[in-house]
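Trainee: Plus 98 on top of the position in the sequence shown (first one is 1) and you've got the working numbering.
Have a look at the structure that comes next, please.
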Amino acid sequence: MSRRSNLLLVDGDFRRRAAISHCLSGSGLHVEPFEDSSELFSRWPRDGLLLVHDSTNVITLLLEHMGRTGDWLPIIAFAEAPTTRRIVEAVLQGAVDYLVWPFDEQELVDSMKVAEDRSLSVAGSKLREAVARSRVERLTRREREVLAGVAGGLSNRLIGEKLKISPRTVEIHRANMLNKMGANHTSEAIRIAIEAAIVN
């Protein structure tokens, strides 16, 4: 059995939420149902595992929230008759496993074991990316352009020429950029930009 016995079920369909909760009633898992991600955000738990119906952009919303708060929980996505493409996209977004509904208790328990094993490595990289993206999103368009120039190894003068602004103005944007990103020096800002996948 997974060490994470708190299962947070996010599904907009009342009947399916009830069916899943009933299916797991004798499993020793504590199932906490949520209608949508906003309901979950208002009562974000300290620990647990997310079982999320893969609809619209719910996985993206959850990852963005975890990136802003730094509170990572592994995601198992599920859907009825998902396409292979949909499963791949969910996993690329950050789901650690994917189930096809209807599933039984044993399938879920097995998936939770897989999620537990994968969650540490996936959580580390996905959380770093999400946190980095949230830091970069604080920047203005001009500050992002300066960041891209810095990451490209350009001097203030060359960045200024490229953006048609003075080197002194570049310096001001650069200082603001570091401050907003919570970076102590330029190399840290570049690392954040790489983790946010905005530069290679």
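Glycine included, each C-beta is placed from N, C-alpha and C at the ideal position.
Checking 8 Å against the spacing of the C-beta atoms, do L148 and I174 come in under that value?
Mentor: Yes, they are a contact pair.
Trainee: Taking the straight line between their C-alpha atoms, what separation do you get for I247 and G165?
Mentor: Ile is not the amino acid found at residue 247; the sequence shown has Gly there. Answer to the nearest angstrom: the Cα atoms are 25 Å apart.
Trainee: From the DSSP output, read off the bridge partner residues of E187.
Mentor: E187 pairs with nothing; no bridge assigned.
Trainee: Based on the DSSP secondary-structure assignment, which residues constitute the bridge partners of D195?
Mentor: Answer is I174, bridged to D195.
Trainee: Find out if the Cβ-Cβ distance for the pair A294, M275 is shorter than 8 Å.
Mentor: No, they are not a contact pair.
Trainee: What does the alpha-carbon distance come out to for the pair C121 and D202?
Mentor: Roughly 7 Å separates the two Cα atoms.
Trainee: Would you mind reading off the limits of the alpha helix (DSSP H) that contains P180?
Mentor: No alpha helix (DSSP H) holds P180; DSSP gives it neither H nor E.
Trainee: Could you give the first and the last residue of the continuous beta strand (DSSP E) run that contains N104?
Mentor: 104-108 is the span of the beta strand (DSSP E), which, as asked, contains N104.
Trainee: Who are the Cβ neighbours of R240 in its own chain at under 7 Å, not counting the five residues just before and after it?
Mentor: The answer, listed in chain order, is H271.
Trainee: Just to confirm the assignment, what range does the beta strand (DSSP E) spanning H128 have?
Mentor: Element bounds for H128: 128-132.
Trainee: Hey, how far is the Cα of D169 from the Cα of R141?
Mentor: Their Cα atoms are separated by approximately 12 Å.
Trainee: Count the other CB atoms, across all protein chains shown, that sit within 10 Å of the CB of A193; report buried if there are 16 or more and exposed otherwise.
Mentor: A193 comes out buried.
Trainee: Tell me, please, which residues DSSP counts as bridged to L147.
Mentor: Paired residue(s): L105.
Trainee: What residue range is occupied by the uninterrupted alpha helix (DSSP H) comprising T167?
Mentor: Where T167 is concerned, the enclosing alpha helix (DSSP H) stretches over 156-167.
Trainee: For T282, report the span of its alpha helix (DSSP H) as first-last.
Mentor: Note that residue 282 is Asn in the sequence shown here, rather than Thr. Segment: none, N282 is in no alpha helix (DSSP H) and carries neither H nor E.
Trainee: Alpha helix (DSSP H) containing R239: first to last residue?
Mentor: Where R239 is concerned, the enclosing alpha helix (DSSP H) stretches over 239-249.
Trainee: Which stretch, first to last residue, makes up the alpha helix (DSSP H) that contains I257?
Mentor: 254-261 is the extent of the alpha helix (DSSP H) around I257.
Trainee: Exposed or buried, what is V234 when buried is set at 16 or more other beta-carbons lying within 10 Å of its beta-carbon?
Mentor: Buried, by the Cβ-count rule.
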